[in-house]
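Student:
2 protein chains.
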Amino acid sequence: MRDALKAAIRGVRDFPKKGIVFRDITPVLADPVLLRETVERLSEPFYEQDVQVVAGTEARGFILAPAVALHLAAGFVPIRKKGKLPCATHQASYALEYGTDTLEMHRDAIKPGTRVLMVDDLLATGGTMKACCDMVQAAGGVIVGCAFLVELTFLGGRAQLDPHPVFTLVEYASEEE
Amino acid sequence: MRDALKAAIRGVRDFPKKGIVFRDITPVLADPVLLRETVERLSEPFYEQDVQVVAGTEARGFILAPAVALHLAAGFVPIRKKGKLPCATHQASYALEYGTDTLEMHRDAIKPGTRVLMVDDLLATGGTMKACCDMVQAAGGVIVGCAFLVELTFLGGRAQLDPHPVFTLVEYASEEE
Numbered sequence: 001m002r003d004a005l006k007a008a009i010r011g012v013r014d015f016p017k018k019g020i021v022f023r024d025i026t027p028v029l030a031d032p033v034l035l036r037e038t039v040e041r042l043s044e045p046f047y048e049q050d051v052q053v054v055a056g057t058e059a060r061g062f063i064l065a066p067a068v069a070l071h072l073a074a075g076f077v078p079i080r081k082k083g084k085l086p087c088a089t090h091q092a093s094y095a096l097e098y099g100t101d102t103l104e105m106h107r108d109a110i111k112p113g114t115r116v117l118m119v120d121d122l123l124a125t126g127g128t129m130k131a132c133c134d135m136v137q138a139a140g141g142v143i144v145g146c147a148f149l150v151e152l153t154f155l156g157g158r159a160q161l162d163p164h165p166v167f168t169l170v171e172y173a174s175e176e177e
Numbered sequence: 178m179r180d181a182l183k184a185a186i187r188g189v190r191d192f193p194k195k196g197i198v199f200r201d202i203t204p205v206l207a208d209p210v211l212l213r214e215t216v217e218r219l220s221e222p223f224y225e226q227d228v229q230v231v232a233g234t235e236a237r238g239f240i241l242a243p244a245v246a247l248h249l250a251a252g253f254v255p256i257r258k259k260g261k262l263p264c265a266t267h268q269a270s271y272a273l274e275y276g277t278d279t280l281e282m283h284r285d286a287i288k289p290g291t292r293v294l295m296v297d298d299l300l301a302t303g304g305t306m307k308a309c310c311d312m313v314q315a316a317g318g319v320i321v322g323c324a325f326l327v328e329l330t331f332l333g334g335r336a337q338l339d340p341h342p343v344f345t346l347v348e349y350a351s352e353e354e
């Protein structure tokens, strides 16, 4: 199964800039069998974890997180770019290559003790996910883990997310793999 | 059921600007029962329609479209803002209040004859969805319908999407409803 996923993911050279191999998961999403397998396998480690909500971050985190939520009979909480959510929010800032960006989550979305699974499509440096985890914890949420379809292990994102359990389906050890 | 959904949706006054009542669906998404019911009921009219892919547009269209795709045993195709997709794309431009914006879809995502269901969270004026439908049709896709959780009927979006079948779960006849 992991081989079928990896075989379907396209490496696109020099996107979005020279030297980067972009891991394009759209062929996985477009295939009904691979889409289902992705959601089932991302959910599997958390079946006995009493996940109450699955959080996903705009935009690509919105693709898999709600489907995993449905599979785990949990709710979905969107983490959005600043200014998009209409009610009172928690905020988290994280560093970009130049400057910072801010993400928001509704204050009523996660109560103290809520068990939260974080889902995104790809783990790179982990900066965005770490900011999201910090925000969820500041709200009192208990993070049961972070699950990703793809992990770029050579960028060290997993260490950033310590001590949260990190679970990934497809790993790349270098840009060239 | 429709009442439970409507009861959960929050009207937030003067967001994003004065005079607008923003229909906030995040309480529906956060509730496992309402999330499941939303996905099932958006899928239901299309069970016998041989849907091959469900298309959703960045960012909020990414929330429900992949879940509906899973429910219909279809694939998911993301329609993204310009410059986000790494491979060759079709493009569609649509009018904003000031200027225009451009959306893209991978060229290999929809082949001539592919049966496509369009899913988004909210139908307002229909401008974005119309641009997406036109792009899918230009690629040779056959649109079996457009499904939305919420319809703001007073904005006339349904007529914009003619002759595509439009299916919505919760309707608002005015800003004040």
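Chains A and B supply the protein sequences, listed in that same order. Counting from 1, one number per residue, gives the positions in the first sequence under this note's numbering. Counting from 178, one number per residue, gives the positions in the second sequence under this note's numbering. Glycine included, each C-beta is placed from N, C-alpha and C at the ideal position.
#1: Compare the C-beta of B:Thr-279 against all C-beta atoms of chain A and say whether one is closer than 7 angstroms.
#2: So B:Ala-336 is in the alpha helix (DSSP H); what residue range does that whole segment cover?
#3: Can you tell me which of the three DSSP states B:Ala-308 falls into?
#4: Would you mind telling me which residues of chain B sit closer than 7 angstroms to A:Val-53, beta carbon to beta carbon, in chain order?
#5: Could you name the residues of the stretch 82-107 of chain A whose beta carbon sits closer than 9 angstroms to any beta carbon of chain B, in the order they occur along the chain?
#6: So, at 6 angstroms on beta carbons, what are the nonlocal neighbours of A:Gln-137 in its own chain, with the 5 sequence-adjacent residues on each side left out?
#7: Between the stretch 111-123 of chain A and the stretch 45-56 of chain A, are three or more C-beta pairs nearer than 8 angstroms?
#8: Less than 7 angstroms between CB atoms is the rule here; does B:Asp-201 satisfy it with respect to chain A?
#9: DSSP on B:Asp-180, reduced to helix/strand/coil?
#10: Report the residue from A:His-106, A:Ala-59, A:Ala-69 whose alpha carbon sits nearest the alpha carbon of A:Asp-50.
#11: Can you pull the chain A neighbours of B:Val-216, defined as C-beta to C-beta under 7 angstroms?
#12: Less than 8 angstroms between the CB atoms is what I'm expecting for B:Cys-310 and B:His-267, so what's the real figure, rounded?
#13: Within its chain, find whatever has a CB closer than 8 angstroms to the CB of A:Gly-145; leave out the 5 residues flanking it on each side and keep chain order.
#14: Below 9 angstroms on C-beta distance, what does A:Val-12 contact in chain B?
#15: Are the stretch 144-159 of chain A and the stretch 87-104 of chain A in contact at 8 angstroms, needing three or more beta carbon pairs?
#16: Taking one C-beta from the stretch 210-219 of chain B and one from the stretch 180-188 of chain B each time, how about it: are there three or more such pairs within less than 8 angstroms?
#17: Under the three-state reduction of DSSP, which class applies to A:Glu-151: helix, strand or coil?
#18: Output needed for A:Cys-87: all residues of its chain with C-beta closer than 6 angstroms, excluding positions within five of it in sequence on either side, in chain order.
Tutor: The structure says:
#1: no
#2: 334-337
#3: Assigned with DSSP and collapsed to three states, B:Ala-308 falls in helix.
#4: Ala-207
#5: Gly-83, Lys-84, Leu-85, Pro-86, Cys-87, His-106
#6: none
#7: yes
#8: For B:Asp-201, the answer is yes, since a Cβ of chain A falls inside 7 angstroms of its Cβ.
#9: helix
#10: With distances taken between Cα atoms, A:Asp-50 lies closest to A:Ala-69.
#11: Leu-70
#12: 12 angstroms between Cβ atoms; not a contact.
#13: Pro-45, Phe-46, Gln-49, Leu-117, Met-118, His-164, Pro-165, Val-166, Phe-167
#14: Pro-263, Cys-264
#15: No: the two stretches stay apart, fewer than three of their Cβ pairs being nearer than 8 angstroms.
#16: Touching, yes, given that three or more Cβ pairs across the two stretches are closer than 8 angstroms.
#17: strand
#18: His-106
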